[in-house]
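Undergrad: In our numbering, the protein residues as written are 0 to 189.
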């Protein structure tokens with residue numbers, strides 16, 4: 000998502016589902032910790048602002064962004080969370096290491112979303128320089144961590160509603176364009 004002319008920290012609380020009963024995990028990379036701490040603070044503060052009790056937010060640290068995948072996987076397996084946010088920061092250097100780490104983390108988080116029933120929210124900055132990361136972790140463009148927290152709440156809600164809908168065989172999601180149906184619509188021949 001482009002950040003030009005957008006403050007990542009702005010959200011309308013009235014459009015966000017009630018999150019007071021959800022439990023969230025946040026896995027934070029220790030690499031580029033000045034940035035990842037800012038992202039974590041943005042995510043934590045947004046969750047609490049949206050009525051998630053602080054004791055329902057679990058934080059785990061991992062050494063670097065590549066380790067976010069394993070940390071998120073273990074959190075999904077052991078912590079009974081409704082969504083996980085992975086927070087990291089990879090800054091372009093002089094070697095291809097940047098490309099390999101960014102691609103690996105992106106694909107790993109995508110795989111967790113495909114393989115498990117719990118949403119994993121990608122909050123990994125992949126910037127060209129430190130200033131871009133500063134601008135997106137509480138600086139000029141707001142905080143991508145805040146944006147990730149709001150996404151986590153919305154995805155936890157979708158998961159909850161899909162489970163209820165499936166259990167009762169009725170679509171319950173009424174806001175927005177998403178509707179859940181068990182079978183495709185039949186098209187009659189004219």
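Glycine included, each C-beta is placed from N, C-alpha and C at the ideal position.
Just the Cα atoms here: how many angstroms apart are residue 104 and residue 17?
TA: Taking the straight line from one Cα to the other gives about 30 angstroms.
Undergrad: Spatial neighbours of residue 99 within its chain, please: C-beta separation below 8 angstroms, excluding the five flanking residues on both sides.
TA: Closer than 8 angstroms at Cβ, skipping near neighbours: no residue.
Undergrad: Need the endpoints of the beta strand (DSSP E) that residue 8 sits in, please.
TA: Counting along the chain, residue 8 falls outside any beta strand (DSSP E), and DSSP gives it neither H nor E.
Undergrad: Going by CA-CA distance only, name the one from 34, 88 and 146 that's closest to residue 45.
TA: The shortest C-alpha separation from residue 45 is found at 146.
Undergrad: Is it buried or exposed, residue 113, if we count other Cβ atoms within 10 angstroms and call 16 or more buried?
TA: By the 10 Å Cβ count, residue 113 comes out exposed.
Undergrad: Strictly by DSSP, which residues pair up with residue 105?
TA: BP columns for residue 105 are empty, so no partner.
Undergrad: Out of 47, 119 and 49, state which residue places its alpha-carbon closest to the alpha-carbon of residue 76.
TA: The shortest Cα separation from residue 76 among 47, 119 and 49 belongs to 119.
Undergrad: Can you list, in chain order, the residues of its chain with a C-beta nearer than 6 angstroms to that of residue 10? Leave out the 5 residues immediately preceding and following it.
TA: Only 149 meet the Cβ criterion.
Undergrad: Quick check on DSSP: helix, strand or coil for residue 82?
TA: Of the three classes helix, strand and coil, the one that applies to residue 82 here is strand, per DSSP.
Undergrad: What is the residue span of the beta strand (DSSP E) that residue 43 lies within?
TA: Not the beta strand (DSSP E): residue 43 falls in the alpha helix (DSSP H), residues 32–48.
Undergrad: At what residue ranges does the region 110–157 contain a whole run of the beta strand (DSSP E), taking only runs of 3 or more?
TA: 119–126 and 136–138, all fully within the region 110–157.
Undergrad: Check the C-beta distance from residue 47 over to residue 19 and give it rounded, since I have them as a contact under 8 angstroms.
TA: The Cβ separation is near 11 angstroms, so there is no contact.
Undergrad: Would you report the Cα separation of residue 101 and residue 89, rounded to the nearest angstrom?
TA: The straight-line gap from Cα to Cα measures roughly 7 angstroms.
Undergrad: Is it buried or exposed, residue 69, if we count other Cβ atoms within 10 angstroms and call 16 or more buried?
TA: When all chains shown are included, residue 69 counts as exposed.
Undergrad: Going by Cα to Cα distance, which pick from 34, 107 and 21 is closest to residue 156?
TA: Selected option, being the one with the closest Cα: 21.
Undergrad: Along the chain, where does the beta strand (DSSP E) that runs through residue 25 open and close?
TA: Segment 23–28, the beta strand (DSSP E) holding residue 25.
Undergrad: Relative to the alpha-carbon of residue 25, which residue among 37, 33, 86 and 66 has its alpha-carbon at the smallest distance?
TA: Answer by Cα proximity: 86.
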